Amino acid sequence: MEQGNYSFQYDVYDDISQLSEQDALLLATARKVTEKAYAPYSRFHVGAAALLENGETVSSTNQENASYPVGICAERVLLGTISSLYPGTSIQAIAVSYNSEEIKSDHPISPCGMCRQALLETELVLKKPIRLILGGQAGKVYVINTVRSLLPLAFTGDELS
Ligand code: THU
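0 is the number of the first residue of the sequence shown in numbering that gives the first Met the number 0; add one for each residue after it.
Written as C-alpha cells, this is what we have:
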C-alpha cells in the first residue's frame, strides 16, 4: 500500500495594499460589484471580476432564486459571461469578494466545489492557468496561481474518451 499526498502553496497578503496595482484594481472591482448581487435569501453578496488577455475586465455577481437550488454563484455567472462575450479568450486572473448583511467581510472566501469544477474546465479549455485573488472587503488576501490546485484528483473530460 502506498499513500498519496497532496498539498499546494498560495500567497497570503496582509491586505490589498500589498498587491500589485493590477491585482489591487481587480480586487477593488470585485469588492464594488458585490453591490449588484441579487442575494435576497442568503443576504451574502458575492462579486467576481476577471481580467482577460485582451485587456477587458468582466464582472459578475451571485444570482439567487426563490427556488434555492436555481441560484448561481458569481464565479459561474462570470465564466458564462466571459465565454459568451469573448469565446476562447484567455483569463489572466479572477478576483472574488463578498459583502454580507450578517457577518463581517474581513477574510477571503474561496470558490465552492461546483465553481471549482467549472473554473477548472475553463482553465483546461483555455490552456492557461487562471490566477485567483480572494479577499473580503478588508483583511487578508489569498493569491492562488492556478485553479487546478484547488481540485485534487479532479474529474475532467479526459476521462470520457
Ligand atoms: N456564493 C458565490 O456566489 N460564490 C462563492 O464562492 C460562495 C457562495 C453564493 C451562493 C449563494 O448565492 C450565496 O453565495 C450564499 O451561499
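Using N, Cα and C, we set each Cβ at its ideal position, and we do this for glycine too. These numbers were taken from a predicted model, which means no experiment stands behind them.
Let me make sure I understand the geometry here. Which of the options has the alpha-carbon closest to that of residue i?
{"i": "R147", "options": "T155, Y37, A47", "result": "T155"}
{"i": "N64", "options": "G54, T56, P39", "result": "P39"}
{"i": "L133", "options": "Y9, E1, K126, G3", "result": "Y9"}
{"i": "A49", "options": "A92, T88, A23", "result": "A92"}
{"i": "G138", "options": "L131, Y97, E101", "result": "Y97"}
{"i": "S58", "options": "R115, I108, T33, L123", "result": "T33"}
{"i": "E52", "options": "A153, S99, Q2, R130", "result": "R130"}
{"i": "P107", "options": "E1, D13, F7, G3", "result": "D13"}
{"i": "K31", "options": "A94, S66, S41, P110", "result": "A94"}
Verify whether the separation of the beta carbon atoms of residue i and residue j is less than 7 Å.
{"i": "V11", "j": "Y141", "result": "yes"}
{"i": "A117", "j": "L78", "result": "yes"}
{"i": "S104", "j": "G135", "result": "yes"}
{"i": "L26", "j": "I15", "result": "yes"}
{"i": "L159", "j": "L119", "result": "no"}
{"i": "A47", "j": "A29", "result": "yes"}
{"i": "S89", "j": "L125", "result": "yes"}
Starting from residue i, follow its DSSP beta bridges and name the residues at the other end.
{"i": "H44", "result": "N98"}
{"i": "Y37", "result": "Q62"}
{"i": "Y141", "result": "V11, L133"}
Does the ligand SAH have even one heavy atom less than 6 Å from the beta-carbon of residue i?
{"i": "N64", "result": "The ligand SAH is absent from the structure shown, which contains only the ligand THU."}
Is residue i close to the ligand THU? I mean its beta-carbon at under 6 Å from any heavy atom of the ligand.
{"i": "N61", "result": "yes"}
{"i": "S41", "result": "yes"}
{"i": "V11", "result": "no"}
{"i": "A49", "result": "no"}
{"i": "V57", "result": "no"}
{"i": "P110", "result": "yes"}
{"i": "A92", "result": "no"}
* To do: Counting only runs of 4+ residues fully inside the stretch 1-29, write out the alpha helix (DSSP H) ranges in chain order.
  => none
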